[in-house]
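K.L.:
Pasting in a structure now, in C-alpha cells, and then I'll have a few things to ask.
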Amino acid sequence: MKKLLQNFTALVLFCFCAVSFAQKDFQGKAYYMSKTTMDLDEWGGREMTPEQKKRIEERMKSFLEKEYILTFNKEESIYKEDEKLEAPGSGRGWGGFSGGFTGGPKYKNVKSKELLQDQEFFGKQFLIKDELKSLEWKMGTETKQIGQYTCFKATAIKTVDGFDWRSMRRRRDNDDKDKKEGEKKNDSIKKDDDPMSEIEVPKTIEVVAWYTPQVPINQGPDDYWGLPGLILEINADRTTILCTKIVMNPDEKEEIEKPKKGDEVTKAEYNEIITKKMQEMREMYGGRRGNRGGRGRRN
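Note that the sequence shown covers residues -22 to -1, 1 to 277 in mature numbering (1 follows the signal peptide of the UniProt record, and there is no 0).
If you want it as C-alpha cells, here you go:
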C-alpha cells in the first residue's frame, strides 16, 4: 500500500509539473558537484608522512572534485565542466595522460538516442559518437528532500568502462599466501616492468539515483538518464554527483549545440586507441628499464 501511494504521488507530481514544461522554448540549467574519493593507502600511502599525503591530496583535489553544468530542454542536454581559474602549481590531476579518461562536453538526445562527446587525448581531438544506452532502473520506495525538491530513489547495475578512472583500484591478489617464493619474485618483476598490471576496474557497479518528478525531464548528469524526472543525485562506486542549484527558464537562454570537432569514432574505437597508446607507453617504459639495467651491467 505504501509503495502504491508513493508511486501515485510521483505520477501526480509528474503530471502537475509537466504542464509548465510544455512550452516549445523551455530550457533549464542544473548545477552539479562531483566528488570521487581515493584511498592513498591503497596506492602506497602508508609509507608517506602526513605532510606528504596532504600535499598529494591538495594536488589531486582539482581532479577528484569538479563542478558541472547540465543545460537541458525537453529532448536535449549538454553536460560540461564549469571550469575555474586555478592557482599556479595546483595542477590538473595527472597531466596530459588524464585527458584520456576525463571527457569534454557531453551531448545527449533522449529522443534520437544520440550521444556525442568532445574528447582530447595526447593533443589529438576526437568526437565520440555512439548510441545513448539506457540502464535498467528499478524504482524504489524511498524518498528524500534535496533542496526544495522531493526525490525518489532508483537503482541499477551499470557495466563499467575499462578506462573509467573513477573506479580504478589497485589489484588485490588473494592467492599471494599460496604462492611459492620464486613465483612471488617473478610476479614482482612483472609488475615493476608494467605498472598498469597493478590496476583493475570492476566489471559492474551499483548505481543509486535520486530523481524528482517536479522537473519532469528525462535527463541527468554525465551519461545518466531514463527516469521520470531530472536526476539530482548519483552515487556510483566511489563517485557522488549532487545537484546544488536549478535554474528554470533563465533570462539568457543558451543554445544546446552538438560537439562537432575531432575525428569521429565510436566509444569502442576510442577505447582501442587508448589501449594501443598505453601499450606503447608500457613498451617504452620497459625499454628504458632494460637500458638502465644494461648500463648497470656494463659498469
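Virtual Cβ for every residue (Gly too), placed ideally from N, Cα, C.
Could you have a look at Met16 and say whether DSSP puts it in helix, strand or coil?
P.N.:
In this structure, Met16 counts as coil in the three-state DSSP scheme.
K.L.:
So for Gly73, helix, strand or coil by DSSP?
P.N.:
Its pLDDT being 43, under 50, Gly73 is placed unreliably by the model, and the measurement read from it follows with that caveat. In the three-state scheme derived from DSSP, where H, G and I count as helix and E and B as strand, Gly73 is classed as helix.
K.L.:
For the beta strand (DSSP E) containing Phe50, name the first residue and the last one.
P.N.:
Glu43 to Phe50
K.L.:
Which residues share a DSSP beta bridge with Ile209?
P.N.:
The bridge partners DSSP lists for Ile209 are Tyr189.
K.L.:
Who does Asp96 pair with in a DSSP beta bridge?
P.N.:
Leu105
K.L.:
Have a look at Tyr10, Leu105, Glu36 and Arg216 and flag the residue whose alpha-carbon is nearest the alpha-carbon of Pro237.
P.N.:
Considering only alpha carbons, the answer is Leu105.
K.L.:
So, do the region 9 to 17 and the region 177 to 196 have three or more beta carbon pairs nearer to each other than 8 angstroms?
P.N.:
no
K.L.:
Who are the near neighbours of Asn202 in its chain, counting only those whose CB is closer than 6 angstroms to its CB and skipping five residues on each side?
P.N.:
Per the sequence shown, the amino acid found at residue 202 is Tyr instead of Asn. Same-chain partners within the cutoff: Ile209 and Ile212.
K.L.:
If you measure between the beta carbons of Leu113 and Lys136, is that distance less than 8 angstroms?
P.N.:
yes
K.L.:
Need the endpoints of the beta strand (DSSP E) that Phe4 sits in, please.
P.N.:
Looking at the DSSP string, Phe4 is not in any beta strand (DSSP E), and its letter there is neither H nor E.
K.L.:
For Gln123, name the three-state secondary structure that DSSP assigns.
P.N.:
strand
K.L.:
Taking its Cβ as the centre, do 16 or more other Cβ atoms sit within 10 Å of Gln103, making it buried, or is it exposed?
P.N.:
exposed
K.L.:
Under 8 angstroms, do Gly6 and Val185 count as touching if we go by C-beta distance?
P.N.:
no
K.L.:
Can you tell me which of Cys221, Ile47 and Met259 puts its alpha carbon nearest to the alpha carbon of Gln126?
P.N.:
Cys221
K.L.:
Span of the beta strand (DSSP E) holding Thr27?
P.N.:
From DSSP, Thr27 is part of no beta strand (DSSP E); its letter is neither H nor E.
K.L.:
How would you write the range of the beta strand (DSSP E) that Leu113 sits in, first residue to last?
P.N.:
Here Leu113 belongs to no beta strand (DSSP E), and DSSP marks it neither H nor E.
K.L.:
So what does DSSP say about Ile251, is it helix, strand or coil?
P.N.:
helix
K.L.:
Closest to Thr133 by C-alpha separation, out of Arg260, Glu120 and Ile124, would be which residue?
P.N.:
That would be Glu120, whose Cα lies nearest to the Cα of Thr133.
K.L.:
Look up Ile183 in the DSSP assignment and give the residues it is bridged to.
P.N.:
Lys136
K.L.:
Do Gly82 and Asp96 have their beta-carbon atoms positioned less than 8 angstroms apart in this structure?
P.N.:
Yes.
K.L.:
Is it buried or exposed, Gly101, if we count other Cβ atoms within 10 angstroms and call 16 or more buried?
P.N.:
exposed
K.L.:
Would the beta-carbon of Lys86 fall within 8 angstroms of that of Gln197?
P.N.:
yes
K.L.:
Is it buried or exposed, Glu261, if we count other Cβ atoms within 10 angstroms and call 16 or more buried?
P.N.:
exposed
K.L.:
Do the CB positions of Glu232 and Thr27 come within less than 8 angstroms of each other?
P.N.:
no
K.L.:
Find out if the Cβ-Cβ distance for the pair Tyr9, Lys223 is shorter than 8 angstroms.
P.N.:
yes
K.L.:
Sorted by chain position, which residues of the same chain lie with C-beta nearer than 8 angstroms to Gln123's C-beta, five sequence neighbours on each side aside?
P.N.:
Cys129
K.L.:
Whose C-beta lies closer than 6 angstroms to the C-beta of Lys107 among residues of the same chain, with five residues either side of it excluded?
P.N.:
Leu94 and Glu242.
K.L.:
What residues in its chain sit with their C-beta under 8 angstroms from that of Thr244, if we drop five residues either side in the sequence?
P.N.:
Ile106, Lys107 and Asp108
K.L.:
Name the two residues that bound the continuous beta strand (DSSP E) containing Val243.
P.N.:
Asp241 to Val243
K.L.:
In the DSSP assignment, the beta strand (DSSP E) including Ser55 goes from what residue to what residue?
P.N.:
Glu54 to Glu59
K.L.:
Would you identify the three-state DSSP class for residue 340, choosing helix, strand or coil?
P.N.:
Outside the shown range of the chain, which is -22 to 277, sits residue 340, and nothing can be said about it.
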